[in-house]
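For reference, the structure discussed in these notes is given below.
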Amino acid sequence: MTRLLHRPGVHAGVLLGVLGLADLGPFDPSGPITWILPLVALGYLVAAHLRRAPRRRQLAGLAIFTGVAAVTLLLDPVVGQFVLAAGWVGHAAWDWAHRDGSVVPRWYVDCCLPFDLLVAASLVAAAVSIG
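Residue numbering for the sequence shown is 329 to 459, as defined by my numbering.
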């Protein structure tokens with residue numbers, strides 16, 4: 329665990345998460361925070377293709393995370409925030425499952441995982457402060 333905290337990718341993910349979310353306005357279900365989720369999942373599919381790794385799981389992941397984003401649009405915005413936060417936590421778990429570097433480079437996982445958790449935490453904190 330201590331070695332993980334010293335990786336540059338982890339520092340970059342935390343920095344991106346803090347800087348990107350420091351000026352986060354009110355939640356907009358059709359805003360970027362919703363659609364970045366399937367975009368980062370698309371990164372896994374592209375990486376799998378480039379590395380000639382199996383792509384079925386990555387395609388399924390892309391479908392799941394795109395589905396979470398789409399469902400967010402249909403819900404009450406506060407409920408949608410919680411659903412989207414769960415999607416971001418799910419993507420952090422997806423990152424953890426790919427930490428071996430066989431699909432995406434390890435630095436990608438190191439950067440993405442803390443970013444995902446910070447996004448999820450900010451969505452929950454904002455929803456709780458509203459309701």
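Cβ atoms here follow ideal geometry from the backbone N, Cα and C, with glycine treated the same way.
Trp416 is positioned such that its CB atom lies closer than 8 Å to that of Asp444. Contact between the stretch 394 to 406 and the stretch 429 to 438 is not established, with fewer than three Cβ pairs separated by less than 8 Å. Between Leu370 and Leu390 a beta carbon distance of about 6 Å is seen, short of the 8 Å cut, so the two are scored as contacting. Ranking Asp423, Leu451, Asp428 by CA distance to the CA of Leu441 puts Asp423 first. Closest option to Ile361, judged by alpha-carbon separation, among Arg384, Ser457, Ala414, His377: Ala414. Here the C-alpha atom of Ser457 lies approximately 19 Å from the C-alpha atom of Gly359. Linking Ala425 to Pro354 through their CA atoms gives a straight-line distance of about 32 Å. In this chain, the alpha helix (DSSP H) harbouring His377 covers 360 to 378. In the DSSP annotation of this structure, the continuous segment of the alpha helix (DSSP H) that includes Asp423 starts and ends at 405 to 425. If you look at Ala388, you'll find it in the alpha helix (DSSP H) that goes 384 to 402. Comparing alpha carbon positions, the residue from Ala376, Ala388, Leu412 closest to Val452 is Leu412.
A Cβ-Cβ separation of about 7 Å places Ala454 in contact with Gln409 under the 8 Å criterion.
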